[in-house]
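A.B. asks:
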Amino acid sequence: RFSGEGPGNPEFGREANKALPRIVPTETELRFSRTICLRAAHYPFEPNPNILVVAGINDKPMITVNYKNQEKQLCAEEVSSMILTKMREISETYLGSPVKNAVVTVPAYFSDSQRKATIDAGAIAGLNVMRIMNEPTAAAVAYGLDKITNCVGERNIFVFDLGGGTFDVSLLTIKDNVFQVKATAGNTHLGGEDFDNRMVDYFVQEFKRKKK
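The opening residue of the sequence shown carries number 473 in this note's numbering; numbering runs sequentially from there.
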């Protein structure tokens with residue numbers, strides 16, 4: 473979420489949510505959270521024939537993309553910063569005021585180095601990343617679980633997060649409006665795009681079978 477600097481300073485809530493569109497790269501669609509701050513030798517999933525990943529400096533995975541008819545090699549942090557920059561520009565247009573601060577969410581399983589890389593991406597985008605928040609915690613806040621009035625003592629919360637590219641489950645506790653992530657697990661290569669690919673493969677085979 474971004475915080476505006478103008479009158480009213482709509483930092484949180486529905487108005488801030490309106491300033492956060494989904495942005496998908498137009499020519500190369502990737503899940504960059506899978507590769508951020510990892511070594512190429514530890515590339516976490518089988519290569520996609522449509523995506524070329526090569527080893528860069530210090531064995532950092534570099535993603536080869538075609539942009540405006542030019543081939544470029546970018547690390548995940550650079551692509552993340554490009555997306556954050558575009559989001560900041562759209563937010564400033566909508567809010568009519570400069571946007572300097574942001575709270576950025578990351579998967580709960582992100583390591584310290586991956587979180588630092590995310591902060592660096594925000595800095596490249598010209599943002600002051602005020603805080604890195606775990607995605608399951610952000611989901612719990614979005615559902616207003618921190619506003620439950622009948623919550624006495626400590627309460628356990630199970631967050632099931634099936635996204636476009638990853639699948640995560642997390643166990644949180646909430647006490648006195650403070651969230652703590654106790655455990656997290658999941659699959660970084662299971663999500664909506666994988667279901668889409670399976671469905672496409674299935675219907676292609678069905679079409680071929682019926683058109684024999």
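Glycine is no exception: its CB is placed at the ideal position from the N, C-alpha and C atoms.
Exposed or buried, which one is F675 when buried takes at least 16 other CB atoms within 10 Å?
C.D. replies: Within the sequence shown, numbered from 1, the residue matching residue 675 stands at position 203. Label assigned to F675: exposed.
A.B. asks: Buried or exposed: which applies to K684, given that a residue is buried once 16 or more other Cβ atoms fall within 10 Å of its Cβ?
C.D. replies: Taking the sequence shown and counting its residues from 1, the one referred to as residue 684 is at position 212. Burial call: exposed.
A.B. asks: Following the continuous beta strand (DSSP E) through D648, name the residue where it begins and the one where it ends.
C.D. replies: For this step, residue 648 is matched to residue 176 along the sequence shown. For D648, there is no enclosing beta strand (DSSP E), as DSSP marks it with neither H nor E.
A.B. asks: With DSSP run on the structure shown, which of helix, strand or coil describes G658?
C.D. replies: In the sequence shown, residue 658 corresponds to position 186, counting from 1. Three-state result, G658: strand.
A.B. asks: Drop a sphere of 10 angstroms on the beta-carbon of P570, count the other beta-carbons inside from all chains shown, and report buried for 16 or more, exposed for fewer.
C.D. replies: One-based indexing of the sequence shown puts residue 570 at position 98. Burial call: exposed.
A.B. asks: In angstroms, rounded to a whole number, what distance separates the CA positions of S651 and T609?
C.D. replies: Here residue 651 refers to the residue found at position 179 of the sequence shown. Here residue 609 refers to the residue found at position 137 of the sequence shown. As written in the sequence, residue 651 is Phe, which differs from the Ser given in the question. Straight-line Cα distance between these residues: approximately 7 Å.
A.B. asks: Report the three-state DSSP secondary structure of V653 (helix, strand or coil).
C.D. replies: As a first step, residue 653 must be located in the sequence shown, where it is residue number 181. The answer is strand: DSSP assigns V653 an E or B state.
A.B. asks: Specify the secondary structure class of E543 as computed by DSSP and reduced to three states.
C.D. replies: Residue mapping note: residue 543 aligns to position 71 of the sequence shown, counting from 1. Correct three-state label for E543: strand.
A.B. asks: Should the region 623-636 be called in touch with the region 586-603, which here means at least 3 C-beta pairs below 8 Å?
C.D. replies: no
A.B. asks: Of the choices A611, A614, A595, whose alpha-carbon is the least far from that of N573?
C.D. replies: If you number the sequence shown from 1, residue 573 lands on position 101. Checking every option, the nearest Cα to that of N573 belongs to A595.
A.B. asks: Hey, which unbroken runs of the beta strand (DSSP E) at 3 residues or more fall wholly within the region 553-616?
C.D. replies: 571-578, 600-606
A.B. asks: Give me, in chain order, the residues of the same chain whose beta-carbon lies closer than 6 Å to that of T577; leave out the 5 immediate sequence neighbours on both sides.
C.D. replies: As a working mapping, residue 577 is identified with position 105 in the sequence shown. So the qualifying residues of the chain are M605, E607, A610.
A.B. asks: Would the region 555-564 and the region 629-643 be scored as touching if the rule is three or more Cβ pairs under 8 Å?
C.D. replies: no
A.B. asks: Which of the three DSSP states, helix, strand or coil, is assigned to V631?
C.D. replies: Taking the sequence shown and counting its residues from 1, the one referred to as residue 631 is at position 159. Correct three-state label for V631: strand.
A.B. asks: So for V672, helix, strand or coil by DSSP?
C.D. replies: Taking the sequence shown and counting its residues from 1, the one referred to as residue 672 is at position 200. In the structure shown, V672 sits in a helix (DSSP, three-state: H, G or I).
A.B. asks: Using DSSP bridges, identify the partner residues of V641.
C.D. replies: The residue labelled residue 641 in the question sits at position 169 within the sequence shown. Answer by DSSP bridge pairing, in chain order: F632, A657.
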